[in-house]
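Trainee: Chains A and B, in that order, give the protein sequences.
The numbers in our numbering rise by one with no breaks, and the one at position 87 of the first sequence is 88.
The numbers in our numbering rise by one with no breaks, and the one at position 110 of the second sequence is 111.
Beta carbons: idealized from backbone N, C-alpha and C, even for Gly.
First, the structure itself, so that you have it in front of you.
There are 2 protein chains.
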Amino acid sequence: MTGRQPKRTRNRSATEIRILDAARSILAESGAAGFGINAVARSAGVDKQLIYRYYGGLDGLLEALGRHLAVWWQDRMMQDAPDRTPESYAELMEGLALRLLRILRTEPLALQSTLWELTDTSGLARTVSQARGQALGAWMASVRGSLQPPPGIDAPAVNALIVASVSYLVLASRTSDNVIGLPTADPATWDRIERTLVRVVRDAYRSA
Amino acid sequence: MTGRQPKRTRNRSATEIRILDAARSILAESGAAGFGINAVARSAGVDKQLIYRYYGGLDGLLEALGRHLAVWWQDRMMQDAPDRTPESYAELMEGLALRLLRILRTEPLALQSTLWELTDTSGLARTVSQARGQALGAWMASVRGSLQPPPGIDAPAVNALIVASVSYLVLASRTSDNVIGLPTADPATWDRIERTLVRVVRDAYRSA
DNA sequence: ATTACGTATCACCGGCCGGTGACGTGTCAA
DNA sequence: TTGACACGTCACCGGCCGGTGATACGTAAT
Numbered sequence: 002m003t004g005r006q007p008k009r010t011r012n013r014s015a016t017e018i019r020i021l022d023a024a025r026s027i028l029a030e031s032g033a034a035g036f037g038i039n040a041v042a043r044s045a046g047v048d049k050q051l052i053y054r055y056y057g058g059l060d061g062l063l064e065a066l067g068r069h070l071a072v073w074w075q076d077r078m079m080q081d082a083p084d085r086t087p088e089s090y091a092e093l094m095e096g097l098a099l100r101l102l103r104i105l106r107t108e109p110l111a112l113q114s115t116l117w118e119l120t121d122t123s124g125l126a127r128t129v130s131q132a133r134g135q136a137l138g139a140w141m142a143s144v145r146g147s148l149q150p151p152p153g154i155d156a157p158a159v160n161a162l163i164v165a166s167v168s169y170l171v172l173a174s175r176t177s178d179n180v181i182g183l184p185t186a187d188p189a190t191w192d193r194i195e196r197t198l199v200r201v202v203r204d205a206y207r208s209a
Numbered sequence: 002m003t004g005r006q007p008k009r010t011r012n013r014s015a016t017e018i019r020i021l022d023a024a025r026s027i028l029a030e031s032g033a034a035g036f037g038i039n040a041v042a043r044s045a046g047v048d049k050q051l052i053y054r055y056y057g058g059l060d061g062l063l064e065a066l067g068r069h070l071a072v073w074w075q076d077r078m079m080q081d082a083p084d085r086t087p088e089s090y091a092e093l094m095e096g097l098a099l100r101l102l103r104i105l106r107t108e109p110l111a112l113q114s115t116l117w118e119l120t121d122t123s124g125l126a127r128t129v130s131q132a133r134g135q136a137l138g139a140w141m142a143s144v145r146g147s148l149q150p151p152p153g154i155d156a157p158a159v160n161a162l163i164v165a166s167v168s169y170l171v172l173a174s175r176t177s178d179n180v181i182g183l184p185t186a187d188p189a190t191w192d193r194i195e196r197t198l199v200r201v202v203r204d205a206y207r208s209a
């Protein structure tokens, strides 16, 4: 009857992790819309005052989350598919496109952080957004070896088109089951998309 | 000193237009984030109660806005470029891609309504979102004539990739000046993108 | 045992949101 | 002239937001 309850664990670094984890899962589950001091504090089971003390408010928390996501993207890109080293620049890009597609489709965190990049005007989520770009670049560098794109082709532009199309299709499929005429609820559609991606990349990088 | 001021125009249909125009310009200028009953009422210089009376609240207003945007997209797609009728299916898609790219880049309303499609989960903005898809389809139908895609090519998938890439690049350029490695602040970058788009479409639809 | 400090909690603020009920006041028909 | 009614306005509600000051409590050095 006496003591209320033992007040909490009283462990700063553990609390900091609780907060960061809560931030991460809120972003993954609710997206940028549901993200805020109150929501993070509630989800972490912690008073929001601690977010101000340990992270310096929303800005600091987002910076920390950005750093966290940067390594998360790196890990996620590298893992689970040491597919054979590509024999051409086109194959390299095929690998990147398919890998990105699968990550975006299976990892809510990946999807939401990509989406946030499009909506954040305040620049508050800048560090969060940059994470993906860095990871893509790092993967390219690590797998590329000495492969060069065929001459006379604007490789950065082609690659941007590919990555952009993958990103948009997955983002749009989240809220609609018919994206630009494709029934994205049907798994077979994604097979078509993958085959078409491969085909388009090969055609774009064929030298002739 | 006596009469306050004449209370307002006392003209329902004019007020309805004021409200709808305010909604449209708020969407164009502030996007989905800034959109709400209070903001629309303020911008229209009208009490929000009227939005409930005339449109039945946010839902009704959004439906009306959706219908409005549907015809707006149609007009915007058709106007300002009766470019020569295409001689191949590839040319047809080139035209669509370039037209969409330019509309998205120059019309904030087009960009924001496309963006809303990605963020709206409540389905509240469904009618707003569908407007674009309908307009693209209608334009295709009107220009297509008897052109057919080459056999053995998944034309819907290719077209979706193209439209998706254009959409993503423009959306992302709104909040960042470096999108997937491309400096989108530099006008020359958009020339590269256009050239690359044309090239990719042609390669994708070459029959051989 | 007392002090000092870091950890955690609570209570409160102003502001904006969507939504609603009650209140004028022009207009036009009975 | 006297209604009835539609158009417009005002005031208010509960709820959530980001942010801050004061307070309780465990712990470790003095």
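Could you please tell me which residues of the segment 169-199 of chain A, in chain order, have their CB closer than 9 Å to any CB of chain B?
Mentor: Correct list: Tyr169, Leu170, Leu172, Ala173, Arg175, Thr176, Ser177, Asn179, Val180, Ile181, Gly182, Leu183, Thr190, Arg193, Ile194, Arg196, Thr197 and Leu198.
Trainee: Could you please tell me which residues of the segment 133-151 of chain B, in chain order, have their CB closer than 8 Å to any CB of chain A?
Mentor: Against chain A - using a Cβ distance shorter than 8 Å - the residues of the segment 133-151 of chain B are Gly134, Leu137 and Gly138.
Trainee: When we look at the beta-carbon of serine 166 (chain A) and count the other beta-carbons within 10 Å, is it buried (16 or more) or exposed?
Mentor: The residue labelled residue 166 (chain A) in the question sits at position 165 within the first sequence. By the neighbour-count rule (16 or more Cβ atoms within 10 Å), serine 166 (chain A) is buried.
Trainee: Looking only at C-alpha atoms, which of A:Thr190, A:Ile20, A:Asp178 and A:Leu112 sits nearest to glycine 57 (chain A)?
Mentor: What you label residue 57 (chain A) is simply residue 56 of the first sequence in a count that begins at 1. It is A:Ile20.
Trainee: Could you check the C-alpha separation between arginine 25 (chain A) and threonine 16 (chain B) for me, to the nearest Å?
Mentor: Here residue 25 (chain A) is taken as the residue at index 24 of the first sequence, counted from 1. Here residue 16 (chain B) is taken as the residue at index 15 of the second sequence, counted from 1. Taking the straight line from one Cα to the other gives about 45 Å.
Trainee: 8 Å is my cut-off, CB to CB: does alanine 15 (chain B) come that close to chain A?
Mentor: Counting from one through the second sequence, the residue named residue 15 (chain B) turns up at place 14. Chain A, which has no Cβ nearer than 8 Å to the Cβ of alanine 15 (chain B), makes this no.
Trainee: Counting only beta-carbon separations shorter than 8 Å, does proline 157 (chain A) have a partner in chain B?
Mentor: Residue numbering aside, residue 157 (chain A) sits at position 156 when the first sequence is read from its first letter. Yes, proline 157 (chain A) counts as interfacial toward chain B.
Trainee: Report, in whole angstroms, the separation of the C-beta atoms of valine 201 (chain B) and alanine 205 (chain A), which I expect to be a contact under 8 Å.
Mentor: Mapped onto the second sequence, residue 201 (chain B) falls at position 200. Mapped onto the first sequence, residue 205 (chain A) falls at position 204. Yes, they are in contact, since the Cβ atoms of valine 201 (chain B) and alanine 205 (chain A) sit about 5 Å apart, within 8 Å.
Trainee: Kindly indicate the opening and closing residues of the alpha helix (DSSP H) around valine 164 (chain B).
Mentor: The count along the second sequence starts at 1 and reaches residue 164 (chain B) at position 163. Note, valine 164 (chain B): alpha helix (DSSP H), 156-176.
Trainee: Can you say whether glutamate 88 (chain B) is buried or exposed, counting buried as having 16 or more other CB atoms within 10 angstroms of its CB?
Mentor: Locating residue 88 (chain B) in the second sequence gives position 87, counting from the first residue. So glutamate 88 (chain B) counts as exposed.
Trainee: Taking only the alpha-carbon atoms, compute the straight-line gap between valine 199 (chain B) and leucine 198 (chain A) and give it to the nearest angstrom.
Mentor: Your numbering for residue 199 (chain B) matches position 198 in the second sequence. Your numbering for residue 198 (chain A) matches position 197 in the first sequence. Roughly 16 Å separates the two Cα atoms.
Trainee: Do glycine 96 (chain B) and valine 129 (chain B) have their beta-carbon atoms positioned less than 8 Å apart in this structure?
Mentor: Residue 129 (chain B) sits at position 128 when you count from the first residue of the second sequence. Residue 96 (chain B) sits at position 95 when you count from the first residue of the second sequence. Cβ distance not < 8 Å, so valine 129 (chain B) and glycine 96 (chain B) don't count as in contact.
Trainee: Hey, leucine 148 (chain B) and alanine 33 (chain B): beta-carbon distance below 8 Å or not?
Mentor: Along the second sequence, read from residue 1 onward, the residue named residue 148 (chain B) stands at position 147. Along the second sequence, read from residue 1 onward, the residue named residue 33 (chain B) stands at position 32. Taking 8 Å as the Cβ cut-off, leucine 148 (chain B) and alanine 33 (chain B) do not qualify as a contacting pair.
Trainee: Hey, does valine 201 (chain A) have any beta-carbon neighbour from chain B nearer than 8 Å?
Mentor: Sequence index remark: in the first sequence, residue 201 (chain A) carries index 200 (1-based). Judged by the 8 Å Cβ criterion, valine 201 (chain A) is in contact with chain B.
Trainee: Could you check whether the Cβ of threonine 86 (chain A) sits closer than 8 Å to any Cβ belonging to chain B?
Mentor: Position 85 of the first sequence holds residue 86 (chain A). Not one chain B Cβ lies under 8 Å of threonine 86 (chain A).
Trainee: Suppose the cutoff is 7 Å on Cβ atoms and the five residues either side in sequence are ignored; what does the same chain contact list for alanine 186 (chain B) look like?
Mentor: Within the second sequence, residue 186 (chain B) is the residue found at index 185, counting from 1. Asp178, listed in sequence order.
Trainee: Can you find the residues in the same chain that come closer than 7 Å, C-beta to C-beta, to arginine 5 (chain B), ignoring five residues on each side of it along the sequence?
Mentor: For this step, residue 5 (chain B) is matched to residue 4 along the second sequence. At arginine 5 (chain B), the pLDDT of 41 sits below 50, so the modelled position is not reliable; the number obtained from the coordinates is stated separately. Closer than 7 Å at the Cβ level, and outside the excluded window around arginine 5 (chain B), lies no residue.
Trainee: Measuring straight from C-alpha to C-alpha, what distance separates arginine 193 (chain B) and leucine 101 (chain B)?
Mentor: For the purposes of this step, residue 193 (chain B) is taken as the residue at position 192 of the second sequence. For the purposes of this step, residue 101 (chain B) is taken as the residue at position 100 of the second sequence. For arginine 193 (chain B) and leucine 101 (chain B), the distance between alpha carbons rounds to 16 Å.
Trainee: Please report the residue range of the alpha helix (DSSP H) in which leucine 125 (chain B) lies.
Mentor: Against the second sequence, residue 125 (chain B) aligns to sequence position 124. Here leucine 125 (chain B) belongs to no alpha helix (DSSP H), and DSSP marks it neither H nor E.
Trainee: If contacts are defined as beta-carbon pairs under 8 Å, then alanine 132 (chain B) and glycine 67 (chain B) qualify, I think. What distance do you get, rounded to the angstrom?
Mentor: The count along the second sequence starts at 1 and reaches residue 132 (chain B) at position 131. The count along the second sequence starts at 1 and reaches residue 67 (chain B) at position 66. Going by Cβ atoms, the distance from alanine 132 (chain B) to glycine 67 (chain B) rounds to 6 Å, so yes, they are a contact pair.
Trainee: Which of the three DSSP states, helix, strand or coil, is assigned to proline 150 (chain B)?
Mentor: For the purposes of this step, residue 150 (chain B) is taken as residue 149 along the second sequence, with counting starting at 1. Coil, per DSSP.
Trainee: Quick check on this structure: which residue in A:Ala29, A:Leu137 and A:Arg13 has the alpha carbon closest to the alpha carbon of threonine 107 (chain A)?
Mentor: Taking the first sequence and counting its residues from 1, one reaches residue 107 (chain A) at position 106. Measuring from the Cα of threonine 107 (chain A), the nearest candidate turns out to be A:Ala29.
Trainee: By DSSP, does asparagine 179 (chain A) sit in helix, in strand, or in coil?
Mentor: Here residue 179 (chain A) corresponds to residue number 178 of the first sequence, with the count starting at 1. Of the three classes helix, strand and coil, the one that applies to asparagine 179 (chain A) here is coil, per DSSP.
Trainee: Grab the span of the alpha helix (DSSP H) containing serine 31 (chain A) for me, first residue to last.
Mentor: The sequence position of residue 31 (chain A) within the first sequence is 30, counting from 1. Per DSSP, serine 31 (chain A) belongs to the alpha helix (DSSP H) from 13-31.
Trainee: Can you pull the chain B neighbours of serine 44 (chain A), defined as C-beta to C-beta under 8 Å?
Mentor: To locate residue 44 (chain A), count along the first sequence from 1; it is residue 43. In chain order: nothing, as chain B lies at least about 19 Å away.
Trainee: By the 10 Å Cβ neighbour count, where 16 or more other Cβ atoms means buried, how is threonine 120 (chain A) classified, buried or exposed?
Mentor: Your numbering for residue 120 (chain A) matches position 119 in the first sequence. Buried, by the Cβ-count rule.
Trainee: Within this structure, are the beta carbons of alanine 161 (chain B) and leucine 172 (chain A) separated by less than 8 Å?
Mentor: As a first step, residue 161 (chain B) is located in the second sequence; it is residue number 160 there, counting from the start. As a first step, residue 172 (chain A) is located in the first sequence; it is residue number 171 there, counting from the start. Not a contact, by the Cβ cut-off of 8 Å.
Trainee: Around the C-beta of arginine 175 (chain A), are 16 or more other C-beta atoms found within 10 angstroms, so that it is buried, or is it exposed?
Mentor: As a first step, residue 175 (chain A) is located in the first sequence; it is residue number 174 there, counting from the start. So arginine 175 (chain A) counts as buried.
Trainee: Return the Cβ separation of leucine 105 (chain B) and serine 168 (chain B) in integer angstroms, given the expectation that the two are a contact with Cβ distance under 8 Å.
Mentor: The sequence position of residue 105 (chain B) within the second sequence is 104, counting from 1. The sequence position of residue 168 (chain B) within the second sequence is 167, counting from 1. That pair is a contact at about 7 Å.
Trainee: If you measure between the beta carbons of valine 41 (chain A) and isoleucine 18 (chain A), is that distance less than 8 Å?
Mentor: Looking up residue 41 (chain A) in the first sequence gives position 40. Looking up residue 18 (chain A) in the first sequence gives position 17. No; because the gap between Cβ atoms is not below 8 Å, this pair is not in contact.
Trainee: Can you find a CB in chain B that lies within less than 8 Å of the CB of alanine 161 (chain A)?
Mentor: As a position in the first sequence, residue 161 (chain A) is number 160, starting the count at 1. Yes, alanine 161 (chain A) counts as interfacial toward chain B.
Trainee: Could you check the C-alpha separation between tryptophan 191 (chain B) and leucine 99 (chain B) for me, to the nearest Å?
Mentor: Taking the second sequence and counting its residues from 1, the one referred to as residue 191 (chain B) is at position 190. Taking the second sequence and counting its residues from 1, the one referred to as residue 99 (chain B) is at position 98. About 11 Å.
Trainee: Let me check understanding here. Comparing Cα to Cα, which of B:Thr122, B:Val180 and B:Gly153 lies closest to glycine 35 (chain A)?
Mentor: Residue mapping note: residue 35 (chain A) aligns to position 34 of the first sequence, counting from 1. Out of B:Thr122, B:Val180 and B:Gly153, B:Thr122 has the C-alpha closest to the C-alpha of glycine 35 (chain A).
Trainee: So is alanine 205 (chain A) in contact with chain B if we call contact Cβ pairs under 8 Å?
Mentor: Position 204 of the first sequence, counting from 1, holds the residue named residue 205 (chain A). Alanine 205 (chain A) counts as touching chain B.
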